[in-house]
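Input: a single structure, listed below in structure tokens.
2 protein chains.
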Amino acid sequence: MRQTQAPRQWNTRAAEKQRRLETIAHLLTEKIVDREAISEVLYGCIASGDRVIAEGNNQKQADFLSRALADLDPERVHDLHMIQPSVGRPEHLAVFEKGIAKKLDFAFSGTQSHRIGTLMMDGTIEVGAIHTYIELYARLFVDLIPKVVLTAAFKADRAGNLYTGPSTEDTPALVEAAAFSGGIVIAQANEIVDDVSGLDRVDIPGSWVDIVVEADQPFYIEPLFTRDPRHITDVQIFMAMMAIKGIYAEHGVQSLNHGIGFNTAAIELLLPTYGEKLGLKGKIAKNWVLNPHPTLIPAIESGWVESVHCFGTELGMENYVAARGDIFFTGHDGSLRSNRAFCQLAGQYAADMFIGATLQIDPDGNSSTVTTSRVSGFGGAPNLGSDARGRRHATPAWADMADDNDPLARGRKLVVQMVETFQAGLVPTFVDELDAVTVARKANLAVPPVMVYGDDTTHLLTEEGIAYLYKAESIEERRAMIAAVAGVTPLGRSADPGETKRLREAGKVVWPADLGVSRAEATRSQLAASSIADLVDWSGGLYNPPPRFRSW
Amino acid sequence: MRQTQAPRQWNTRAAEKQRRLETIAHLLTEKIVDREAISEVLYGCIASGDRVIAEGNNQKQADFLSRALADLDPERVHDLHMIQPSVGRPEHLAVFEKGIAKKLDFAFSGTQSHRIGTLMMDGTIEVGAIHTYIELYARLFVDLIPKVVLTAAFKADRAGNLYTGPSTEDTPALVEAAAFSGGIVIAQANEIVDDVSGLDRVDIPGSWVDIVVEADQPFYIEPLFTRDPRHITDVQIFMAMMAIKGIYAEHGVQSLNHGIGFNTAAIELLLPTYGEKLGLKGKIAKNWVLNPHPTLIPAIESGWVESVHCFGTELGMENYVAARGDIFFTGHDGSLRSNRAFCQLAGQYAADMFIGATLQIDPDGNSSTVTTSRVSGFGGAPNLGSDARGRRHATPAWADMADDNDPLARGRKLVVQMVETFQAGLVPTFVDELDAVTVARKANLAVPPVMVYGDDTTHLLTEEGIAYLYKAESIEERRAMIAAVAGVTPLGRSADPGETKRLREAGKVVWPADLGVSRAEATRSQLAASSIADLVDWSGGLYNPPPRFRSW
């Protein structure tokens, strides 16, 4: 029986890779090709219908290569299936408008969020799904194995060894998936050196890389994590004080991840002042899973922070990070080693808490940043903002979420949504139905793009107070707790005052006064730094902010 | 205010590393030390109280180094905090008995499961927690940053580049955590070559490794995943048929992970026969997250399998894997690239289903392999056997778990427990309370070592039938469904026959007859291979089983 089938070829992936590389072998010197030959290289390496990764991650962009991809002739290369952690450059969308690519699986789309929404709704882009980062990496080893990866490095040598400096980010995950499945790895580098002795360190071994090209200009890095303290409002400071007292101190949160908004930046800047006054130093917020936020500098300098593991880097923080090797993960060259895959794992399995903001929350507590006018994707939020049910170690904060004396009770991750009840322009944050439902229907998505589900959310913090959602004993009670802190939004006005009173008496919702936090105290004078210049000062001149943030 | 504190040193980790390395600098030629100097090297690199990783992963063992560690003088080195994915060698426990180490954080303890249980209960080992693998890796970047990593490779060059061959396993995660945090990385290698040209490929860059020593013998690999088809019973075949029809086909399971037991080995061996007869080829079980199980060879050869991403390797499968590059992830050298971190991610975020066995199940469906006489740890099961709540892409099987028409309904991972109602020796699988509760109390664990929680389990399959637990509408109904398939165990005998009838009519539990599966059909003649020799035959002679499995 087992002999009846025709002999099968079992190495077609490797053979096809070899065939493609042979078509361009005359262009290579060792693993290097001339910049001018890049179109010919891409025509040789990419076939219509291929799954192609253009890196496209949160900050670092293989932009020379993605521009070269967008310059190809759609008659010759079309129907590509693009896989991108981040869709961050105009050319990432141009490949769809030109017909070079058809399908997209992605995780984040910061600066392109408006345009990608339009292209999804009108059918120009067929979206597979909007993932969380490590979900997308996971699929690279199962059902989205890539054929070609376009990646970016600071430096490369002629054998293909890559130095990614502080911006390693997604590169190990993306390159590994192709390098070990007969895929082709093409790297752009800002600089090419002769051999490994010219590299500060090796982040990706040369044997994983097929082709290296020197880019026409250094790859673009988006400074996503710089928040100018000047823009932090009194309300954000007020909410940050509530967070520190009512959540961080209440549960003894030691390991954590912050979102990228001004509200969590306010928390970072209150630790050395308000937090110090409360005697919390050494008791909370010690181990961080976070890009190197400039607003964390005062807390680091004041001795609050034991460690920071980073998803990626932040422009201007290079020298500061290198000078704080006890805090950050750095190589022997002194520069940051970021690694988004491990950092997402750290945030998922080893952090007590995730705290971040959102744009819309529904009455069940489901939240999303996807609106009908803006599809920004999720990045890490769904992963960080959910419970790792495989977790089997306890920390005080995690264990504090266990609800009873069941001998098998387990704790859970603290997932905190921190929002003002109204967004800019007096648009209510609390809505009857998330726009995500409409977007899913219009863009033909199998799953509505919810960022954090209500049943994963343990705390909801608004300027009105804190709802300890993990204490809800039923879905109905949970809804009442959400409405209780929804202020004068329609949802908030629908709250039953008697029920709200009961919830407050039961300690399931608290008002600022219950925490001893007053609006009068919540002023900018509480911030450890009130400007970018202050942050530079705290850093002893090591922090070097990008020009757009230099206003002094 | 910010100037009042004494200047702080911010590079103590790097400085201490340099200090330690300088004490042994005279022993190094490039990065190589003589085998005879290993004690001196360890005394120089390790200080009492350090967090030390001895690899100690699922299969590959840095055994030369862990033996050297166990030979140290506890007067000079003591109170180590060992971090080990796997505690697999006698010397891993000897370091505790000798007083060299005090605390242990681990994930799996295959062959040492009896002895480790004793040492935990009598207080010789203070156990932090029993983790799932990627949870332990995650903590290496947050609150368990290691000081020293003892790792193992097939080959190394004098610059420290490592070739781990098919056994890359946990190495990238373990080494990265130390290499970028001022830790010291010491690698044993079976063979040392002069430079990178002598390595088949580079799995770990030399700039991450500090010291290399040639081991006295090749590192030990445990063949954990070889199941001799001769030992598969008719009952296992019967249950495997139910699984294929009632779960794989019912939900269209395409991507999956199998446990290591004989029951799932039976499923692997039924795909090319029973599965083929049912017309399921190409419809189910295409993308695998799995060590290279020899029992998967017939399914691969019959064209069922599109891809297999591996946690680690399996002894004897080297040539077969290398010859099946379209199926397995391999390097340009042809050998497997395993990577447990990415494979666990793949199983968590990209697989439709996890199916495995256990030793005990309680009335709520919680299960564990930990018993009062055996603490085997969990390995990957808690991670693989739970829902990734951050997942945002749909597959048919995943979406099939969504329970209603809620526009925000999401699917979930299929988590299948497949057990006979009695274990060997007529010990009931179904128990009133898991031994894990007692073990937690006796060994002072914060969390009882539950392997898979009941509320994460979607299907329970016994020789009596299948309980579709994801369909339970209440905890009470869930309990009734579990009791309904618990056979003549005390729990099974407590089931209310009327309720069981109702559950069957509602399609919430099914009997074999409902699936059209009969015991008469369930014979060993259904297996695609009935011996190890048959598997060798299927592989065209490429599979080379370890001696202990060669019985012909």
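Sequence order for the protein chains is A and B.
Heads up: the first sequence at position 458 corresponds to 458 in this note's numbering, and the numbers run straight through without jumps.
Heads up: the second sequence at position 488 corresponds to 1488 in this note's numbering, and the numbers run straight through without jumps.
The C-beta atom is built at its ideal place from N, Cα and C for all residues, glycine as well.
Exposed unless 16 or more other CB atoms sit within 10 angstroms - verdict on residue i
| i | result |
| --- | --- |
| Ser1086(B) | buried |
| Gly44(A) | buried |
| Lys1245(B) | buried |
| Leu1345(B) | buried |
| Arg201(A) | buried |
| Ala215(A) | buried |
| Ser474(A) | exposed |
| Gly1282(B) | exposed |
| Pro217(A) | The question names Pro, but residue 217(A) is Gln in the sequence shown. Gln217(A) is exposed by the Cβ-count criterion. |
| Ser48(A) | exposed |
The ligand FAD heavy atom lying under 7 Å from the CB of residue i
| i | result |
| --- | --- |
| Thr132(A) | Only the bare structure without any ligand can be found here, which leaves the ligand FAD out of the picture. |
8 Å contact criterion, which residue i and residue j should meet: CB distance rounded
| i | j | result |
| --- | --- | --- |
| Val1485(B) | Glu1499(B) | Their Cβ separation, rounded to whole angstroms, is 13 Å, which puts Val1485(B) and Glu1499(B) out of contact at 8 Å. |
| Phe106(A) | Gly377(A) | 6 Å |
| Val1447(B) | Ala1129(B) | 7 Å |
| Asp1170(B) | Asn1057(B) | 4 Å |
| His1459(B) | Leu1414(B) | 7 Å |
Among the options, nearest to residue i - alpha-carbon criterion
| i | options | result |
| --- | --- | --- |
| Asp234(A) | Asp210(A), Gln526(A), Ser338(A), Asp194(A) | Gln526(A) |
| Pro1547(B) | Met1082(B), Thr1226(B), Arg1008(B) | Thr1226(B) |
| Ala367(A) | Thr313(A), Pro428(A), Leu69(A) | Note that residue 367(A) is Ser in the sequence shown here, rather than Ala. Comparing Cα-Cα distances from Ser367(A) to each of Thr313(A), Pro428(A), Leu69(A), the minimum goes to Pro428(A). |
| His1231(B) | Arg1201(B), Asn1263(B), Gly1259(B) | Asn1263(B) |
| Phe219(A) | Ala299(A), Gln59(A), Ala506(A) | Gln59(A) |
| Leu1199(B) | Val1416(B), Val1209(B), Val1289(B), Lys1155(B) | Lys1155(B) |
| Val431(A) | Ala54(A), Ala68(A), Lys442(A), Val488(A) | Val488(A) |
| Ser1338(B) | Pro1294(B), Val1289(B), Arg1374(B) | Val1289(B) |
| Gln1009(B) | Ser167(A), Glu301(A), Gly334(A) | Glu301(A) |
| Lys1277(B) | Met1241(B), Arg1076(B), Val1193(B) | Met1241(B) |
| Asp435(A) | Met401(A), Asp404(A), Leu359(A) | Leu359(A) |
| Thr985(B) | Ile1327(B), Thr1438(B), Gln1417(B) | This structure gives no information on residue 985(B), because the portion of chain B shown stretches from 1001 to 1552. |
| Leu1408(B) | Asp406(A), Val321(A), Thr395(A), Ile361(A) | Ile361(A) |
| Ala1402(B) | His1393(B), Tyr1470(B), Lys1442(B) | Tyr1470(B) |
| Gly1541(B) | Tyr1320(B), Thr1273(B), Gly1411(B) | Tyr1320(B) |
| Arg1158(B) | Ser1066(B), Arg1020(B), Thr1029(B) | Thr1029(B) |
| Ile355(A) | Asp404(A), Val452(A), Gly275(A) | Val452(A) |
Pairwise C-alpha distance: residue j and residue i
| i | j | result |
| --- | --- | --- |
| Ala1350(B) | Pro1363(B) | 30 Å |
| Ala1533(B) | Arg1550(B) | 8 Å |
| Ile466(A) | Ala266(A) | 17 Å |
| Phe342(A) | Ala1381(B) | 19 Å |
| Leu1270(B) | Tyr1248(B) | 12 Å |
| Leu93(A) | Ile116(A) | 7 Å |
| Arg1479(B) | Gly390(A) | 22 Å |
| Met1(A) | Ala1299(B) | Summary for Met1(A): the model assigns pLDDT 46, below 50, so the residue's position carries little reliability; its value from the coordinates is reported in the next sentence. If you take the alpha carbons of Met1(A) and Ala1299(B), they lie about 13 Å apart. |
| Glu1314(B) | Val1509(B) | 37 Å |
| Arg1035(B) | Val1127(B) | 32 Å |
| Met481(A) | Gln423(A) | 20 Å |
| His1081(B) | Gly206(A) | 35 Å |
| Gly325(A) | Cys310(A) | 13 Å |
| Ile260(A) | Trp511(A) | 25 Å |
| Ile1211(B) | His251(A) | 42 Å |
| Tyr543(A) | Ile1297(B) | 57 Å |
| Lys1017(B) | Gly303(A) | 22 Å |
| Val1437(B) | Asp1514(B) | 37 Å |
| Trp1538(B) | Thr1330(B) | 21 Å |
| Ile1327(B) | Leu1224(B) | 21 Å |
| Ile1221(B) | Asp1387(B) | 31 Å |
| Ala1025(B) | Arg1019(B) | 10 Å |
| Ile32(A) | Gly183(A) | 18 Å |
For this session: Just list the alpha helix (DSSP H) runs in the stretch 1100 to 1172 of chain B, keeping only unbroken ones of 4 residues or longer that don't cross its boundaries, in chain order.
Result: Taking only runs of at least 4 residues, the alpha helix (DSSP H) segments lying wholly in the stretch 1100 to 1172 of chain B are 1113 to 1121, 1133 to 1139.
Problem set entry | Uninterrupted beta strand (DSSP E) stretches inside the stretch 241 to 296 of chain A (no shorter than 3 residues) | Counting only runs of 3 or more, we get 255 to 258, 287 to 289.
Problem set entry | Entirely enclosed beta strand (DSSP E) segments - the stretch 174 to 204 of chain A, minimum 3 residues | Segments of the beta strand (DSSP E) lying fully in the stretch 174 to 204 of chain A: 184 to 193.
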